[in-house]
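Residue numbers (the numbering used here): 6 to 145. A virtual CB, placed ideally from N, CA and C, is assigned to each residue, including glycine.
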Amino acid sequence: MVVYPHPIIRMPIVCRQCKIPKCMENCPTEAIIKKDGIVDIDGEKCISCQQCVISCPFGAIFLHEEIDTPFKCNLCNGQPQCVEACPKNALLFLPEHVLGQAQRMSSLLKYAHMKEVEYVEKGERKVRRYADIEKGKAED
Ligand code: SF4
Ligand code: SF4
């Protein structure tokens, strides 16, 4: 879902597939389930009370005037079409267990763009790290 908070701003709002989903906690009929990291709505159990819509801190559950059940991103059941359709490959779909690795890699790359300066303070050898901006630019 894309919302238009300002005439020149387009902002995609997507479900974070929360570890502890507020929408799921507050659903009175247990219509919201989490399986394999994906939070989804079971339309059979839904009574359209809209508690989930109110509960989501990110505004990621939507109502549609022609549909009784609220709807949200369920990652297209594990094959997100937005990722496939993005013409610039700007979107990545990473399984939950790979996220940690991706974050570590990102930290590593940031570290690689740092330079260390050694100095002595009160007789103690210390190291200070600075962002190596020129190196970062060259590799971007
Ligand atoms: S709908 Fe909202 S609360 Fe529920 S999992 Fe997605 S982001 Fe979290
Ligand atoms: S609208 Fe449906 S899914 Fe949402 S809280 Fe109510 S019963 Fe649960």
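Exposure label - residue i; buried when at least 16 CB within 10 Å
i	result
Asp-47	exposed
Gln-84	exposed
Gly-105	exposed
Cys-32	buried
Ala-153	No statement about residue 153 is possible, as the shown extent of the chain runs from 6 to 145 and does not include it.
Asp-45	buried
Ile-66	buried
Collapsed DSSP secondary structure at residue i in the structure displayed
i	result
Glu-35	coil
Lys-127	coil
Ala-136	strand
Cys-44	Here residue 44 is Val; the residue named in the question, Cys, does not match the sequence. Strand, per DSSP.
Glu-121	strand
Ile-59	helix
Ala-143	Reliability of the predicted coordinates at Ala-143 is poor, the pLDDT of 49 falling under 50, and the value obtained from them is presented with this limitation in mind. Here Ala-143 sits in helix by DSSP.
Span of the alpha helix (DSSP H) around residue i
i	result
Arg-109	101-117
Lys-27	27-30
Ile-13	Premise fails: Ile-13 is in no alpha helix (DSSP H) and is neither H nor E.
Ala-65	Looking at the DSSP string, Ala-65 is not in any alpha helix (DSSP H), and its letter there is neither H nor E.
Cys-81	80-83
Nearest neighbour of residue i, chosen from the options [CA to CA]
i	options	result
Val-19	Glu-123, Ile-72, Pro-62	Pro-62
Ile-78	Pro-33, Thr-34, Gly-42, Met-110	Checking the displayed sequence, the identity of residue 78 turns out to be Cys instead of Ile. The shortest Cα separation from Cys-78 among Pro-33, Thr-34, Gly-42, Met-110 belongs to Gly-42.
Leu-152	Cys-91, Lys-93, Ser-60, Gln-108	Given that the chain is displayed from residue 6 to residue 145, the structure contains no residue 152 and the question cannot be resolved.
Ala-117	Met-29, His-102, Tyr-135, Glu-126	Tyr-135
For residue i, the first and last residue of its enclosing beta strand (DSSP E)
i	result
Leu-97	Here Leu-97 belongs to no beta strand (DSSP E), and DSSP marks it neither H nor E.
Lys-93	It is not in any beta strand (DSSP E) - Lys-93 carries neither H nor E in the DSSP assignment.
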